[in-house]
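Q: Protein sequence lines, in the order shown, are assigned to chains A and B. Under this note's numbering, the first residue of the first sequence is numbered 1, with each subsequent residue one higher. Under this note's numbering, the first residue of the second sequence is numbered 1, with each subsequent residue one higher. Every residue, glycine too, gets a C-beta built ideally from N, C-alpha and C. Keep in mind that this is a model prediction, so the values were computed, not measured.
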Amino acid sequence: MHRWITVLFTAIAAALLIGCGAQPQQSAEDAYSEFRKAIREIETSEEKTALCEDFLTRFPESEHTGSLAGAVAYYRGEAMEDPAGVVEYLDGLLAKIEDPDMRFGVQLAQFPSSHKTGQATDLGGIVTDLETHRALTFSEHLDVSEVAATHELWSLAEAQAAGASTVATAEAFRSDYPDTDLSDEEIAAKADNRSVMAATNHGWALAHLDRETEALEVFETAAPLSQSNYLGVPSTELFAYWGRTALAQGDAERALELLGPTAVLGDNDEAFEAYRNAYISVHEDEAGFEDFLWSARQDLAKVVDDFELPDYEGILRKLGDTRGNVVFLSFWFPT
Amino acid sequence: MELPRLQTLFEKYIDHGLEIVAVEATHDTERATAFIEKKGLNYTLLEDHEEDGVVFNVFNVHSFPTSYLIDREGRVMYFHLGFEEGDEKEIEEQIKTLL
Chain A
1 MHRWITVLFT AIAAALLIGC GAQPQQSAED AYSEFRKAIR EIETSEEKTA LCEDFLTRFP
61 ESEHTGSLAG AVAYYRGEAM EDPAGVVEYL DGLLAKIEDP DMRFGVQLAQ FPSSHKTGQA
121 TDLGGIVTDL ETHRALTFSE HLDVSEVAAT HELWSLAEAQ AAGASTVATA EAFRSDYPDT
181 DLSDEEIAAK ADNRSVMAAT NHGWALAHLD RETEALEVFE TAAPLSQSNY LGVPSTELFA
241 YWGRTALAQG DAERALELLG PTAVLGDNDE AFEAYRNAYI SVHEDEAGFE DFLWSARQDL
301 AKVVDDFELP DYEGILRKLG DTRGNVVFLS FWFPT
Chain B
1 MELPRLQTLF EKYIDHGLEI VAVEATHDTE RATAFIEKKG LNYTLLEDHE EDGVVFNVFN
61 VHSFPTSYLI DREGRVMYFH LGFEEGDEKE IEEQIKTLL
């Protein structure tokens, strides 16, 4: 309803003002604020796609172009299962865009759909086009390496992951976020996390290029930078991919070691599958797996910290008071 | 908000010794209180709105919702990131192993 009112208002305003020689146009930022409100209120993928495409058609070149192209690729391409429609729509959009940054974002978003419809687009070429203007950022290197890996373009995935590793520094982070108010320590932690993400992709790509020794070296070098979550479980995917690599190379014992915490307490389905397969590989039988898993769970389990917080009646409640019962403890952020 | 789905789980297993504790990093107590009443939630809902509070500083939570399933001895036996439709089934199975 809101969208139609906007369109109607703009049309009337245009009609009234054109006589005065003025060009009334809602600014891209105002339109984007409206877009953000509207998209939260609608439910279907069709409506969301229409809203994104409406914005892009009106404002093909804005700072939101890349991310909205990604949204179209998701809503129309995946949710609505219409990759051909994505290719067509984004081709139309590309015809209106000259800025190389925006072209990159749109082409990258379009790539998976092009691939699905058998229209070979050169992902490496998309990168080169941008590189003639400027170096890629960490996020761009990482995004390309992930898209390349998904489509099994392992050389490109490797090169881009290596590129990401090179710019996973504190300096590069500050350059990406010049207005950040994070401390030096916090920035160093962000840089370490980026190094781990890049190494994860890099090792995985190297393994698929049969450069196994290098792959293992990359994983091993990055391992000390990997943070653990509250449960002492790796909070990155490094160990999951490292473990899966070890398993693929026939080292099932090592795989069990590397995958254990992530598989048992990490909420990661692929790691869990690989862990189970590693177990079967070592024991040649699935029989004792449930017991093995239960035992691993016991070993990893940590006693939860007690805390005291007020409920909504203002009464202070202690988590420790639940001892003796089974507790489902969850942390929420209100939407 | 998926908090109402926890209510169903709670009612099913409260007599078997299940407790549910939902901690919200909230800044709008009134809105939360109204929501709780409206949805008839009667498990334990707590508020953490200190910047140096529990949620971020002790549990280091950055993705929401993050959930821990704790056994009778206070040990964290299962971990969940997110709470999609259908997750309740898996969580229920896990609860049963601990009851």
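1. Step through the CB atoms of chain B and report whether any lies within less than 8 Å of the CB of A:TYR312.
2. Let me confirm a value: A:GLU185 is counted as buried when at least 16 other C-beta atoms fall within 10 Å, else exposed. Which label applies?
3. Would you call B:LEU99 buried or exposed, if buried means 16 or more other Cβ atoms sit within 10 Å of its Cβ?
4. Rounded to the nearest angstrom, what separates A:SER183 and A:GLU171 at their Cα positions?
5. Would you mind reading off the limits of the beta strand (DSSP E) that contains B:THR44?
6. From the DSSP output, in three-state form, read off B:THR66 for me.
7. Could you say if the segment 58-71 of chain A and the segment 103-112 of chain A meet the contact criterion of at least three C-beta pairs nearer than 8 Å?
8. What in chain B is Cβ-close to A:ALA301, meaning under 7 Å?
9. Note down the Cα distance separating A:GLN25 from A:ALA31, rounded to an integer number of angstroms.
10. Output the distance between the C-alpha atoms of A:SER62 and A:GLU270, rounded to the nearest integer angstrom.
11. Classify A:PHE331 as helix, strand or coil using the three-state DSSP reduction.
12. Going by the beta-carbon positions, is the gap between A:VAL144 and A:GLN160 smaller than 8 Å?
13. Is the separation between the beta-carbon of A:VAL326 and that of B:LEU9 shorter than 8 Å?
14. Identify whether B:LEU18 lies in helix, strand or coil by the three-state DSSP scheme.
15. What residue range is occupied by the uninterrupted alpha helix (DSSP H) comprising B:LYS89?
16. Would you say A:GLU200 and A:LEU153 are within 8 Å of each other, going by their C-beta atoms?
17. Give, in chain order, every residue of the segment 45-60 of chain B whose Cβ lies closer than 7 Å to some Cβ of chain A.
18. Measure from the C-beta of B:GLU19 to each C-beta in chain A and report whether the shortest distance is under 8 Å.
19. For A:ARG40, would you say it is in contact with chain B, using Cβ-to-Cβ distances shorter than 8 Å as the test?
20. Just the C-alpha distance for A:ALA278 and A:THR262, rounded to the nearest angstrom, thanks.
21. Would DSSP call A:SER27 helix, strand or coil?
22. Taking C-beta pairs closer than 7 Å, name the residues in chain A that B:GLU11 reaches, listed in chain order.
23. Looking only at its own chain, which residues have a Cβ that is under 7 Å from the Cβ of A:ALA149, when we skip the five neighbours before and after it?
24. So, is the C-beta of B:ASP107 closer than 8 Å to a C-beta in chain A?
25. Taking beta-carbon pairs under 8 Å, can you tell me which members of the segment 254-288 of chain A lie near chain B?
26. Counting only the same chain and skipping the five closest in sequence on each side, list residues whose C-beta sits under 8 Å from that of A:GLU308.
27. Measure how close the beta-carbons of A:LEU51 and A:ALA38 come, nearest whole angstrom, since I'm counting them as under 8 Å.
28. When the Cα atoms are used, what is the spatial distance from B:THR44 to A:ALA188?
29. Using 10 angstroms around the beta-carbon of A:ALA287, count the other beta-carbons present and answer buried if the total reaches 16, otherwise exposed.
30. Closer than 8 Å, CB to CB, is A:GLY70 near chain B or not?
31. Taking CB distances under 8 Å as the criterion, tell me whether B:THR33 reaches chain E.
32. Identify, in the order they occur along the chain, each residue of the same chain with its Cβ nearer than 7 Å to the Cβ of A:TRP332, setting aside the five sequence neighbours on each side.
33. If distances are taken between C-alpha atoms only, which option among B:HIS16, B:GLY82, B:VAL61, B:HIS27 comes closest to B:LEU3?
34. Is there a C-beta anywhere in chain B that falls below 8 Å from the one on A:ARG297?
35. What does A:ASN325 touch in chain B if you count any residue whose Cβ is under 8 Å from its own?
36. Under a Cβ-count criterion, where at least 16 other Cβ atoms within 10 Å of its own Cβ denotes burial, should A:SER295 be classed as buried or exposed?
A: This is what the structure gives:
1. yes
2. exposed
3. exposed
4. 13 Å
5. 44-47
6. strand
7. yes
8. ARG75, VAL76, MET77
9. 10 Å
10. 38 Å
11. strand
12. yes
13. no
14. strand
15. 87-98
16. Reading the sequence as shown, one finds Thr at residue 200 of chain A and not Glu. Not in contact: A:THR200 and A:LEU153 (Cβ atoms no closer than 8 Å).
17. LEU45, LEU46, GLU47, ASP48, VAL54, VAL55, VAL58, PHE59, ASN60
18. yes
19. no
20. 14 Å
21. coil
22. Near B:GLU11 there are no residues of chain A at all, since even the closest Cβ is about 13 Å away, more than 7 Å.
23. ALA157, ASN201, TRP204, ALA205
24. Because residue 107 of chain B is not part of the residues shown, which for chain B are 1 to 99, the question remains open.
25. LEU265, GLY266, ASP267
26. LEU316, ARG317, LYS318, LEU319
27. 6 Å
28. 38 Å
29. exposed
30. no
31. Absent here is chain E; the protein component of the structure consists of chains A and B.
32. none
33. B:GLY82
34. yes
35. GLY17, LEU18, GLU19, ARG72
36. exposed
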